[in-house]
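Numbering (our numbering), first residue to last: 1295 to 1627. Even for Gly, the Cβ is constructed at its ideal location relative to N, Cα and C. Here the structure is a predicted model, which is why all the values come from computation and not from measurement. Following: one structure in structure tokens, then a few remarks.
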Amino acid sequence: MREIPPLFLLFSMLAQAQPAALRQLAGERTIKIGAAVNPALLQQADYAETLAREFNQVEPENSLKFGPVHPQQTTYHFDPVDALVAFAKDHQMAVRGHTLVWHKQNPGWVTRGTFTPEQLAAILQEHIQTVVGRYAGRIYAWDVVNEAFDDDGSLRKTIWSGFIEQAFRWAHEADPKALLFYNDYDAEVVNSKSDAIFRMAQDFKARGVPLNGIGLQMHVTLDPGSLENMEANIKRIAELGFEVQITELDVRVPLDSGAATSEQLEKQAQVYHDIVAVCVKYPKCTAIQTWGFTDKYSWIPGAHRGTGAALEFNAAYQPKPAYRAIADALKTR
Ligand code: G3I
């Protein structure tokens, strides 16, 4: 039998090799690559397989918000989160928690209650300590407070606005090892809102309030604004000593003719690439997470009518140009 030259064997092995999954590329540079998840969908094989193959972090999209997880004053609904945490353990994935203090998705018993500020404080403390305490050691990072600032940088007036600092202290007491984040949208570039967040981080650092990082949601369009400005914002947060995580990335596309054109998908890929490439330049930028991962399940078409196709896999779980762009950016040194 003729001997096969070893170089030929090597080349044919390389040609057959699957391209590395995102989580492998991310793991090589110790950054987390995550996706927001609806735990009910873990029953679907294509959803679960893609998630486990590609990501090393998950976050429940809705199941840990106050209303879903604590629907009645004395009732908690932990089953969906428990299922996701178990899935994550089985597949060696990290879990982020979202979110403890937000003005949306609060239960009726809170919003329609007639509580004094002291009673509201006690309710929030009990909520935070129960939820964070239950998942201590299993949820490594929390969006403790979500969207507390208005676009002009003023504090949004909500039932919880008096308890922001306390929320961080209560979460820290419940799990001293968890990383605690403030998370917001439209605060990726330097602007009035991100200035207000930065000032809060400076103040918390000076006074020892337990804050570890800032979550930048990044729900963007094909025109995501100045990358230099985004980088300047990430840089100043990192230089102040805080982590940055991109927590809810998606890039929505106008769907005038029903489906995204290949030109739009290429443009979208460039946006994904540029954002991931900025993050990986900074060791303090420790996670990149998309808000879902398949266009089959995304909040975008319901909330931003006439747009969609915002994620890195299409509705048939096929990788889009955006997927390749994320992979390429994860490889940049
Ligand atoms: O689960 C109920 C279901 O029982 C009910 O029949 C149905 C009828 O409306 O509603 C279902 O709840 C919906 C829930 O998503 C789960 O699908 C809510 O109506 C709907 O409002 C909710 O939307 C979520 C939204 O937050 C709420 O503001 C989106 O899925 C979720 O993607 C979105 O996520 C937020 C982040 O938490 C914070 N940053 C912005 C981001 C996008 O808005």
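query                                                                                                               : result
contact_flag[the region 1532-1545, the region 1573-1585] where n(CB pairs < 8 Å) is 3 or more                       : yes
DSSP three-state assignment for Glu1542, whether helix, strand or coil                                              : strand
Validate contact between the region 1470-1489 and the region 1508-1516 using beta carbons, cut 8 Å, 3 pairs         : yes
Whole-angstrom distance between Glu1353 and Gly1328, CA atom to CA atom                                             : 7 Å
Close-in-space but distant-in-sequence residues of the same chain around Ser1592 (CB under 8 Å, 5 per side omitted) : Asp1544, Trp1585, Gly1586, Gly1602, Ala1604 and Leu1605
Where the beta strand (DSSP E) through Thr1580 begins and ends                                                      : Cys1579 to Thr1584
Under 9 Å between C-beta atoms of Val1389 and Val1379                                                               : yes
Cβ neighbours of Met1295 in the same chain (closer than 8 Å, five flanking residues each side left out)             : Interpretation of Met1295 is limited by its pLDDT of 46, a score under 50 that renders its predicted location unreliable; the figure taken from the coordinates is listed afterwards. Cβ neighbours of Met1295 beyond the five flanking positions: none.
Check: His1513 C-beta below 8 Å from any heavy atom of the ligand G3I                                               : yes
Where Ser1520 falls, given that 16 or more other Cβ within 10 Å makes a residue buried                              : exposed
Environment of Lys1398 [buried if 16+ CB atoms lie within 10 Å]                                                     : exposed
Distance, Gly1427 Cα to Gly1402 Cα                                                                                  : 24 Å
Proximity of Ala1623 and Tyr1566 at Cβ, strictly below 9 Å                                                          : yes
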